[in-house]
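Visitor: Quick note: the sequence shown, position 92, residue 92 per UniProt numbering, numbers continuous. Glycine included, every Cβ here is placed at the ideal spot set by N, Cα and C. Source: prediction; values computed, not measured. Just passing along the structure, written as structure tokens.
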Amino acid sequence: MTATETKAVAENLNFARAADQLHVTQPAVTQQIHALEKELNVRLFLRTTRTVKMTEAGEAFYNDAAQMVAISQRAKSRFENAGDEKMQFLSLGCYNFPCMFLLADVFKDMAKAFPALHPRLQVIPFQHIYRLLEEGDLDGVVGFKEPEDLKVKASYKEVAKVSMVCICPEDHPFAARESVALEAFKGEKLVIFAPAKASVPLAQIHGQLMGGRAPSEFFSGLE
Numbered sequence: 001m002t003a004t005e006t007k008a009v010a011e012n013l014n015f016a017r018a019a020d021q022l023h024v025t026q027p028a029v030t031q032q033i034h035a036l037e038k039e040l041n042v043r044l045f046l047r048t049t050r051t052v053k054m055t056e057a058g059e060a061f062y063n064d065a066a067q068m069v070a071i072s073q074r075a076k077s078r079f080e081n082a083g084d085e086k087m088q089f090l091s092l093g094c095y096n097f098p099c100m101f102l103l104a105d106v107f108k109d110m111a112k113a114f115p116a117l118h119p120r121l122q123v124i125p126f127q128h129i130y131r132l133l134e135e136g137d138l139d140g141v142v143g144f145k146e147p148e149d150l151k152v153k154a155s156y157k158e159v160a161k162v163s164m165v166c167i168c169p170e171d172h173p174f175a176a177r178e179s180v181a182l183e184a185f186k187g188e189k190l191v192i193f194a195p196a197k198a199s200v201p202l203a204q205i206h207g208q209l210m211g212g213r214a215p216s217e218f219f220s221g222l223e
């Protein structure tokens, strides 16, 4: 694996020591580095008979190599200590990353009851998430309760209540209020997340906030 050789040479700045660390021959390490440099069309190391230095391209690639090695080691360790216990996979779809935060305590409890459980979380746009559930690509969905007119072939169970919050400067009049009605936002410039990334209930609230207002009164937000 060329990423492994690159990481070892970069950390040792010596081909012989890198070969010893990897338990391979020095020519094997040299050949892998030459092949990678040819593939990338850049020099990763400046080599003389006495020294080895990383080029700027080599320093840039080192981070990629370190990440690739870490991912490979993590994937390997996931299976090598499994023993006789069969791994149990649970594939869940979420609308967005904040939905995942709600699962932290749930997975702590599940890990105690099911030590072999391996959750697989995916962020999927809401317009596709239920299709994947029906097709069997997901075991479950974490999101807001959908309106009754949206036919979803799944059972719904509430695991938590989440409040919608208004984020504003400390000196804004809203900051002193415990709650803010939708009507109070008239005349305020708002940051609205892309409706395509929102669930149906949130998109409906977006519609109420945006109704009858000029586009210049809104700014787009990123999740």
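So for residue 230, helix, strand or coil by DSSP?
Guide: Residue 230 is absent from the structure shown; the chain starts at 1 and stops at 223.
Visitor: Find out if the Cβ-Cβ distance for the pair F219, K189 is shorter than 8 Å.
Guide: Residue numbering aside, residue 219 sits at position 219 when the sequence shown is read from its first letter. Residue numbering aside, residue 189 sits at position 189 when the sequence shown is read from its first letter. Contact flag set, yes.
Visitor: Helix, strand or coil, according to DSSP, for S72 in the structure here?
Guide: Start at 1 with the first residue of the sequence shown, and residue 72 comes out as number 72. It is helical.
Visitor: Pull up the DSSP beta-bridge partners for L190, would you.
Guide: Against the sequence shown, residue 190 aligns to sequence position 190. DSSP lists F218 as partners of L190.
Visitor: Can you tell me the Cα-Cα spacing of T48 and A57, whole angstroms?
Guide: Taking the first residue of the sequence shown as 1, we reach residue 48 at position 48. Taking the first residue of the sequence shown as 1, we reach residue 57 at position 57. If I take the Cα positions, the gap works out to 18 Å.
Visitor: According to DSSP, is H23 helix, strand or coil?
Guide: Taking the sequence shown and counting its residues from 1, one reaches residue 23 at position 23. Reduced to three states, the DSSP call for H23 is coil.
Visitor: Can you say whether Q31 is buried or exposed, counting buried as having 16 or more other CB atoms within 10 angstroms of its CB?
Guide: On the sequence shown, position 31 is the one that residue 31 refers to. Exposed, by the Cβ-count rule.
Visitor: State the Cα-Cα distance for the pair H172 and A181, rounded to the nearest angstrom.
Guide: Taking the first residue of the sequence shown as position 1, residue 172 is located at position 172. Taking the first residue of the sequence shown as position 1, residue 181 is located at position 181. For H172 and A181, the distance between alpha carbons rounds to 15 Å.
Visitor: Three-state secondary structure (DSSP) at H118?
Guide: On the sequence shown, position 118 is the one that residue 118 refers to. In the structure shown, H118 sits in a strand (DSSP, three-state: E or B).
Visitor: Can you give the Cα-Cα distance for Q204 and L13, rounded to whole angstroms?
Guide: Stepping through the sequence shown from its first residue, residue 204 is reached at position 204. Stepping through the sequence shown from its first residue, residue 13 is reached at position 13. Straight-line Cα distance between these residues: approximately 59 Å.
Visitor: Quick one: grab the DSSP three-state call for K53.
Guide: Along the sequence shown, one-based indexing puts residue 53 at 53. The answer is strand: DSSP assigns K53 an E or B state.
Visitor: Rounded to whole angstroms, what's the CA-CA distance from F114 to S91? Just pull it up for me.
Guide: Your numbering for residue 114 matches position 114 in the sequence shown. Your numbering for residue 91 matches position 91 in the sequence shown. So the alpha carbons of these two residues sit roughly 15 Å apart.
Visitor: Residues in its own chain within less than 7 Å of M87 by CB, not counting five upstream and five downstream?
Guide: To locate residue 87, count along the sequence shown from 1; it is residue 87. A116 and H118, listed in sequence order.
Visitor: Would I129 be called buried (16 or more neighbouring beta carbons within 10 Å of its own) or exposed?
Guide: Mapped onto the sequence shown, residue 129 falls at position 129. Looking at its Cβ environment, which holds 16 or more other Cβ atoms inside 10 Å, I129 is buried.
Visitor: Of all the options L40, E39, N41 and T55, which has the alpha carbon lying nearest to the alpha carbon of V9?
Guide: Along the sequence shown, one-based indexing puts residue 9 at 9. Checked all of L40, E39, N41 and T55; the closest Cα to V9 is T55.
Visitor: How big is the Cα-Cα spacing for P125 and C94?
Guide: By 1-based counting over the sequence shown, the position of residue 125 is 125. By 1-based counting over the sequence shown, the position of residue 94 is 94. Whole-angstrom Cα-Cα distance: 8 Å.
Visitor: Give the secondary structure of C99 by DSSP, where H, G and I count as helix, E and B as strand, and everything else as coil.
Guide: Indexing the sequence shown from 1 puts residue 99 at position 99. It is helical.
Visitor: Using only the alpha-carbon positions, how far apart do E158 and A19 sit?
Guide: Locating residue 158 in the sequence shown gives position 158, counting from the first residue. Locating residue 19 in the sequence shown gives position 19, counting from the first residue. Taking the straight line from one Cα to the other gives about 56 Å.
Visitor: Exposed or buried, what is K38 when buried is set at 16 or more other beta-carbons lying within 10 Å of its beta-carbon?
Guide: Position 38 of the sequence shown, counted from the start, is the residue given in the question as residue 38. Under this definition K38 is an exposed residue.
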